[in-house]
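> What follows is a single structure, and I will ask about it in a moment.
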Amino acid sequence: MASTIARTAGRVLFGENARAYAAFRPGYPERVFDILRARCGAGEGRTVFEVGAGTGLATAPLLAMGCRVTAVEPDAKLAALLVDSQAAYAERLAVQVGPFEEAALSPGSFDLGIAATSLHWVDPDLALTKAFHLLHPGGHWAMWWNIFGDPDEPDAFQQRTHALFERLSKSPSHGDGPKGHFGLDRKRRIAELEQAGFRSIVAEELRWRPVLNRQQILGLTATFSPVARLPEIERQAFLGRLGAIVDEEFGGRVQRHFMTAIYVARRP
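Position 245, counted from 1, in the sequence shown is what my numbering calls 273; the numbers after and before it change by one each time, with no gaps.
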């Protein structure tokens, strides 16, 4: 049985190729930010903390809305890229480099907290308890995941390459719930939110169907933690096999079935 990658590995793994991560990881559906506006009041002047900001796929839209964001990112290389890419919003962006568990943030001082495809790299009980106390009463918490495959309707490429990925180690995002992904284990995620004290919990699943070319498929796949941690020779061989499948069996373009699972909750 394949081993599971330690959560602490996420603190350094993605920064090894930060620019590729920024180039090939897709952004989040606009519906996510509509939810943040409508249910969480995200917008001008709102204070937000972010768990594991990465290169800013969620940070940038929040800054564009007018939010003041304190981004916590354990990887110094990703944090540096985030600061550079969001220089236009420097007066409204503060970046703390280090694990969220150790971040020095003022309790009760935020309107909104978020974790975008990051909470599985942190102990969820510890993270949610800390998030709860960082919010002021009435503040909101949102966590979501981009999921690069739909367990209810797997696409042809996912079905064709499943056996290749099964041989790799597992990301902490690989959940043991009925749908096989941390973010899709709705019962457990809601229970954790309730245990931390959150109420008014709403969960939603979004589906989207991008068409990706060979470069996009390989660039995205190279950012997946089980692939990123392979030795260079093995990683290139793995990506070469995928590239051959894209070219020879899919004509160089693949329609993928992606999902985004989002949870929104409120501190009473």
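Backbone N, C-alpha and C fix where the C-beta goes; we use that ideal spot for every residue, glycine too.
For G94, count neighbouring Cβ atoms within 10 angstroms of its own Cβ and tell me buried if that reaches 16, exposed if not.
Exposed, because fewer than 16 other Cβ atoms sit within 10 Å of the Cβ of G94.
> So, under 8 Å CB-CB, R120 and L91 are touching, yes? Tell me the CB distance rounded to an integer number of Å.
Between L91 and R120 the Cβ distance is about 6 Å, and since that is below 8 Å, they are a contact.
> With I353 as the anchor, note down where its beta strand (DSSP E) starts and where it stops.
The chain is shown from 29 up to 296; residue 353 falls before or after that span and cannot be answered.
> Can you find at least 3 beta carbon pairs, one from the region 123 to 143 and one from the region 152 to 171, that sit closer than 8 Å?
Short answer: they touch.
> Would V76 pass as a contact of V97 if the rule is Cβ separation under 7 Å?
Contact flag set, yes.
> Measure the C-alpha to C-alpha separation of T194 and A256 and round it to an integer number of angstroms.
Looking at the sequence itself, residue 194 is Glu, so the reference to Thr does not match. So the two alpha carbons sit approximately 15 Å from each other.
> Using the Cα positions of E44 and F176, report the straight-line distance between them to the nearest angstrom.
Using only the alpha carbons, I get a separation of about 21 Å.
> Looking at the strands, I want to know which residues DSSP matches up with L121.
L121 pairs with V97.
> Looking at the unbroken alpha helix (DSSP H) that takes in P152, where does it start and where does it end?
Note, P152: alpha helix (DSSP H), 152 to 162.
> Rounded to a whole number of angstroms, what is the C-alpha to C-alpha distance between L156 and G268?
Between L156 and G268, the C-alpha separation is close to 40 Å.
> Where does the unbroken alpha helix (DSSP H) through L270 begin, and where does it stop?
Its alpha helix (DSSP H) spans residues 260 to 278.
> Would you check if there are 3 or more beta carbon pairs closer than 8 Å linking the region 286 to 296 to the region 186 to 193?
Contact fails: fewer than three Cβ-Cβ distances are below 8 Å.
> Looking only at its chain, what residues have a beta carbon closer than 8 Å to the beta carbon of G280, apart from the 5 residues adjacent to it on each side?
Answer for G280: N241, R242, V274, listed in chain order.
> Tell me which residues share the same chain as R214 and place their Cβ nearer than 7 Å to its Cβ, disregarding the 5 neighbours each side in the sequence.
Excluding positions up to five away in sequence, the list reads A231.
> For the alpha helix (DSSP H) holding D112, just list the boundary residues, first then last.
Note, D112: alpha helix (DSSP H), 104 to 113.
> Just to confirm the assignment, what range does the beta strand (DSSP E) spanning R281 have?
Unbroken beta strand (DSSP E) run through R281: 281 to 283.
> Assuming contact is defined by CB atoms lying nearer than 7 Å, are L110 and G69 in contact in what I supplied?
Cβ atoms of L110 and G69: not closer than 7 Å.
> When DSSP labels each residue in this structure, what does S146 get in the three-state scheme?
The answer is coil: DSSP assigns S146 none of H, G, I, E or B.
> What residue does the beta strand (DSSP E) around A250 start on, and which one ends it?
Element bounds for A250: not the beta strand (DSSP E) but the alpha helix (DSSP H), 242 to 250.
> Can you check which of these residues, R235, L196, E276, L212, is closest to L258 by C-alpha distance?
Comparing Cα-Cα distances from L258 to each of R235, L196, E276, L212, the minimum goes to L196.
> If you draw a straight line from the alpha carbon of E276 to that of D183, how long is it in whole angstroms?
Taking the straight line from one Cα to the other gives about 17 Å.
> Report, in whole angstroms, the separation of the C-beta atoms of A104 and T87, which I expect to be a contact under 8 Å.
Not quite, the Cβ-Cβ distance comes to about 16 Å (not below 8 Å), so this is no contact.
> Apart from the five residues on each side of it in sequence, which residues of its chain come closer than 7 Å, Cβ to Cβ, to F226?
Excluding positions up to five away in sequence, the list reads F160, W169, A293, R294, R295.
> Kindly indicate the opening and closing residues of the alpha helix (DSSP H) around V255.
That run of the alpha helix (DSSP H) goes 253 to 256.
> Count the other C-beta atoms from every protein chain shown that fall within 10 angstroms of the C-beta of A224, then say buried if there are 16 or more, exposed otherwise.
With 16 or more other Cβ atoms within 10 Å, it is buried.
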